[in-house]
Amino acid sequence: MVFLSLIREAAREGAERAIEAIKLGTAGSVVGKGKGGDYSLQGDVASEEAIINYLRQHMGNLRVISEEAGELSYGESPAYTFIIDPIDGSRNYKRGLPFFAISIGVVEGETLDDLVAGVVYAPLLNMEFTAVRGQGAWLNGKPIRVTSQDDLANALVFVGATPKAVFLPQVYALMLTLRGSVVRSLGSASLELSFVASGGVDAYIDQWGTMRVIDVAAAILIAREAGAWVKVRGSLNERGAVSLKEKLAVIAASTEKLGKQLEAVYREALNMDFTEMFYAS
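Written as C-alpha cells, this is what we have:
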C-alpha cells in the first residue's frame with residue numbers, strides 16, 4: 030500500500046497543475062512534441078513535471094516511462110518503473126471536457142503482468158480509481174467490482190476511437206456488428222477501462238494496435254483487480270518488456286464469455302466488405 034499512497038499523491042500533484050493551466054487559459058497551448066510523438070500541451074507538461082518531481086522527492090531509485098519526457102532512470106539499478114500519462118484524454122482536456130485523467134502505474138519487473146499498483150484520477154469528475162495487485166480495486170476508497178453481464182446483446186460497450194484514418198472502415202464495421210449493444214466512446218482509454226472495473230459499463234475494446242503502454246497500464250491493473258477479463262495484444266508480444274514504443278490492443282469485459290463474444294464480433298467486422306459496408310442498412 031506504500032506505492033498506492035505515493036502515486037495517489039503524485040497524481041493529485043499533477044492534477045493540481047493541470048487545473049491551474051485551465052484557470053490560466055494555457056491548458057491547450059502547444060509547447061512542442063513529446064517523446065511519444067504527439068504534440069505536447071502546456072497542461073500535459075506541467076502535470077508531468079509535478080508528478081515526476083514528487084516521485085523523485087520520495088523515491089531514491091526509479092525508472093519513468095512518460096508521455097512527454099520519455100524513458101528516464103534515476104539512481105542506480107531502479108527496481109520499479111512508474112508508467113505515467115500526465116493527461117489521458119488531452120483532446121477532451123484542451124476543449125474543457127471533464128473526461129480526462131492522470132494515470133500512473135507501477136511495475137516491479139519488465140512486463141504488464143508485473144504491475145503492482147495503479148491510479149487513474151479524473152479530477153473534474155471527482156473520481157479516483159485505484160488498485161493494488163492481489164488486494165482489489167477501489168473507486169474513491171470504496172471496493173469496486175465488474176458487472177455479471179455475459180450477453181453482448183444487452184451490454185454497454187466502450188469502443189476505443191482512433192484518429193488514424195486508415196482504421197476508420199474497421200471502426201465503422203465494428204459499430205455495425207455491435208448494433209445490438211449500446212456503444213459509447215469517451216476519448217480516454219484509462220477512464221473507459223476504469224468504468225468497466227466499476228461496473229459503469231460492461232466491456233471495452235480497442236483493437237487498432239495504436240494504444241500506448243502509458244495510456245492503459247494503471248487501468249489494466251484496476252480492471253483485473255475488479256474481476257474483469259482482460260486480453261492485451263502487444264506489438265512485441267503479450268509478455269514483451271514495457272516501453273514507450275510498444276503499441277497495444279486491448280479487450281476488457283465483465284466476464285470471459287462476454288469478452289469472447291466481443292472478440293468474435295471484432296473478427297466479423299474485419300471480414301466485412303469495406304467497399305459495400307457504407308450502404309449497409
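Residue numbering for the sequence shown is 30 to 310, as defined by our numbering. All C-beta atoms in this analysis are idealised placements derived from N, C-alpha and C, irrespective of residue type, glycine included. Here the structure is a predicted model, which means the values were calculated and not measured.
query, result
"Would you call residue 125 buried or exposed, if buried means 16 or more other Cβ atoms sit within 10 Å of its Cβ?", "exposed"
"Using a Cβ-Cβ cut-off of 8 Å (strictly less than) and excluding sequence neighbours within five positions of residue 77, which residues of its own chain qualify?", "43, 95, 96, 97, 98, 113, 115"
"Considering only the alpha carbon of each residue, which of 45, 48, 71, 49 lies closest to residue 57?", "71"
"Return the CA-CA distance between residue 31 and residue 297, expressed in angstroms with no decimal places.", "45 Å"
"Checking 8 Å against the spacing of the C-beta atoms, do residue 240 and residue 218 come in under that value?", "yes"
"What is the DSSP secondary structure of residue 124, reduced to helix, strand or coil?", "coil"
"Between residue 258 and residue 221, how many whole angstroms is the CB-CB distance? I'm expecting something under 8 Å.", "Contact doesn't hold; Cβ gap of about 15 Å is too wide."
"Distance, Cα to Cα, residue 83 vs residue 137?", "19 Å"
"With residue 224 as the anchor, note down where its beta strand (DSSP E) starts and where it stops.", "Not the beta strand (DSSP E): residue 224 falls in the alpha helix (DSSP H), residues 218–227."
"Mind the definition here: the stretch 149–164 touches the stretch 246–253 only if three or more C-beta pairs lie below 8 Å; say whether that holds.", "yes"
"Determine which residues share a DSSP beta bridge with residue 215 and list them.", "According to DSSP, residue 215 bridges with nothing at all."
"Using beta-carbon positions only, say whether residue 245 and residue 275 come within less than 8 Å of one another.", "no"
"With a CB to CB cut of under 7 Å and the five nearest residues on each side skipped, what residues in its chain are close to residue 120?", "216"
"DSSP puts residue 112 in a beta bridge; with which residues?", "94, 134"
"Go ahead and pull the three-state DSSP assignment for residue 117.", "strand"
"Identify every residue that forms a DSSP beta bridge with residue 241.", "276"
"For residue 117, which option in 38, 260, 47, 180 has the closest C-alpha, if you only look at C-alpha atoms?", "47"
"Let me know the secondary structure DSSP gives residue 186 once reduced to three states.", "strand"
"Does the beta-carbon of residue 152 have 16 or more other beta-carbons within 10 angstroms, so that it is buried, or is it exposed?", "buried"
"Given a cut-off of 8 Å, decide if residue 231 and residue 176 are closer than it, judged by their beta-carbon atoms.", "yes"
"Relative to the alpha-carbon of residue 35, which residue among 288, 169, 88, 261 has its alpha-carbon at the smallest distance?", "88"
"Please go through the same chain and pick out, in chain order, the residues whose beta-carbon is closer than 8 Å to the beta-carbon of residue 266, but skip the five residues on each side of it.", "At residue 266 the pLDDT is 45, less than 50, meaning the model places this residue with poor confidence; the figure from the coordinates comes in the next sentence. None."
"Roughly how many angstroms separate the alpha carbons of residue 104 and residue 299, rounded to a whole number?", "47 Å"
"Figure out for me which residue from 281, 93, 90 has the closest Cα to the Cα of residue 188.", "281"
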